[in-house]
Amino acid sequence: MGRIFEVRKATMFARWDRMAKQFTRVGKEIVIAVKAGGPDPATNPALRRCFQNARSVGMPKDRVEAAIKRAQGKDTSNYEEILYEGYGPHGVALLVETATDNHVRTVANVKSHFNKGNGAMGTSGSVSFQFKKMGVFKLNPTGLSIDDLELELIDFGLEELGESNDDNGNPIIVLRCAFVDFGNLQKALEDKGLTPISAELEWIPTTTVPVTDEQAEDVSKLIERLEQDEDVNKVFHNMG
Numbered sequence: 001m002g003r004i005f006e007v008r009k010a011t012m013f014a015r016w017d018r019m020a021k022q023f024t025r026v027g028k029e030i031v032i033a034v035k036a037g038g039p040d041p042a043t044n045p046a047l048r049r050c051f052q053n054a055r056s057v058g059m060p061k062d063r064v065e066a067a068i069k070r071a072q073g074k075d076t077s078n079y080e081e082i083l084y085e086g087y088g089p090h091g092v093a094l095l096v097e098t099a100t101d102n103h104v105r106t107v108a109n110v111k112s113h114f115n116k117g118n119g120a121m122g123t124s125g126s127v128s129f130q131f132k133k134m135g136v137f138k139l140n141p142t143g144l145s146i147d148d149l150e151l152e153l154i155d156f157g158l159e160e161l162g163e164s165n166d167d168n169g170n171p172i173i174v175l176r177c178a179f180v181d182f183g184n185l186q187k188a189l190e191d192k193g194l195t196p197i198s199a200e201l202e203w204i205p206t207t208t209v210p211v212t213d214e215q216a217e218d219v220s221k222l223i224e225r226l227e228q229d230e231d232v233n234k235v236f237h238n239m240g
């Protein structure tokens, strides 16, 4: 299926080097997964995905266990996942994934970030139609054949497979599937004894907006502002 080129990364995608932010994000995901499907990873695929992502960011085991205990506690926060939509400078579409225990606070903050970053917050559906929600698995390529993987996984929902690099320049294999096939592909990888570096649900743009380096920097500043918000998990864009 060829090489997968990530949509323009530039400096804004050094964002996940902020370790505290990573741990907070994964911790919220663990709480949500446990509340929805229980604390046993053997019967909770969402929790298994969280564990993979915790390992990928180097989250200590005690932090993972603490998040599970918080989810089982009676007084823990009930996080709600909310997707906000809008446009950044130069007509770039943005999707903002949040996990919050106070949606009034979060919507006010997100709107403020858009306004201060020369963007505009939109209504539900105003931007998301330009994206496709997909499962994204990243694998260590050592000992793997791309051609063999494609043949073995295509019946389990694999739509795209290719080579790329992580934020440190290390080679990786990227697999993408439709949102509804996430569980099927996850199980297929597990049955093959393959543990992904990460397993995420991402919004992939179906069309992109070409921008210059200067324009990309303008959008990057807004993305960084959004990502620094404690309620924001991820920001997706369609810069080409």
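If you're matching positions, the sequence shown starts at 1 in full-length UniProt numbering and goes up one per residue. We put the beta carbon where it would ideally sit given N, CA and C, even for glycine.
_residue 123 Cβ short of 8 Å to the ligand ADP heavy atom set_ = This structure lacks the ligand ADP; in fact it carries no ligand of any kind.
*Using CA coordinates, which residue listed in 154, 186 and 178 is at the minimum distance from residue 52?*
186
*Fully enclosed by the region 86 to 137, which alpha helix (DSSP H) runs are 4 residues long or longer?*
103 to 116
*Where residue 190 sits in the DSSP three-state scheme*: Three-state DSSP puts residue 190 in a helix.
*Below 8 Å on the Cβ atoms is my guess for residue 99 versus residue 81; work out the distance and round it to an integer in Å.*
Yes, they are in contact, since the Cβ atoms of residue 99 and residue 81 sit about 5 Å apart, within 8 Å.
*asked:* Considering only the alpha carbon of each residue, which of 140, 154 and 170 lies closest to residue 182?
replied: 154
*Quick one: using the 10 Å Cβ neighbour count with 16 as the cut-off for buried, is residue 116 buried or exposed?*
Answer is exposed; the Cβ neighbour count stays below 16.
*Run the CB neighbour count on residue 180, radius 10 Å, all protein chains shown included, and call it buried at 16 or more, exposed below.*
exposed
*Would you kindly check if the distance between the Cβ of residue 163 and the Cβ of residue 174 is under 9 Å?*
yes
*Count the C-beta pairs between the region 89 to 103 and the region 37 to 50 that are closer than 8 Å, then say yes if the count reaches three, no if not.*
Output reads no: the region 37 to 50 does not touch the region 89 to 103.
*asked:* Mapping the DSSP letters down to three states, classify residue 36 as helix, strand or coil.
replied: helix
*Could you pull out every residue in the same chain whose Cβ sits closer than 8 Å to the Cβ of residue 161, ignoring the five residues on either side in sequence?*
Sequence-distant Cβ neighbours of residue 161 in its own chain, meaning closer than 8 Å and more than five residues away, are 1, 4, 146, 149, 150, 153, 173, 174, 175 and 176.
*If you draw a straight line from the C-alpha of residue 37 to the C-alpha of residue 20, how long is it?*
26 Å
*At what residues does the beta strand (DSSP E) containing residue 164 begin and finish?*
158 to 165
*asked:* Determine, for residue 196, whether the minimum Cβ-Cβ distance to residues of chain C falls below 9 Å.
replied: In the structure shown, chain C cannot be found, because there is only a single protein chain.
_Alpha-carbon spacing of residue 104 relative to residue 129, whole angstroms_ = 25 Å
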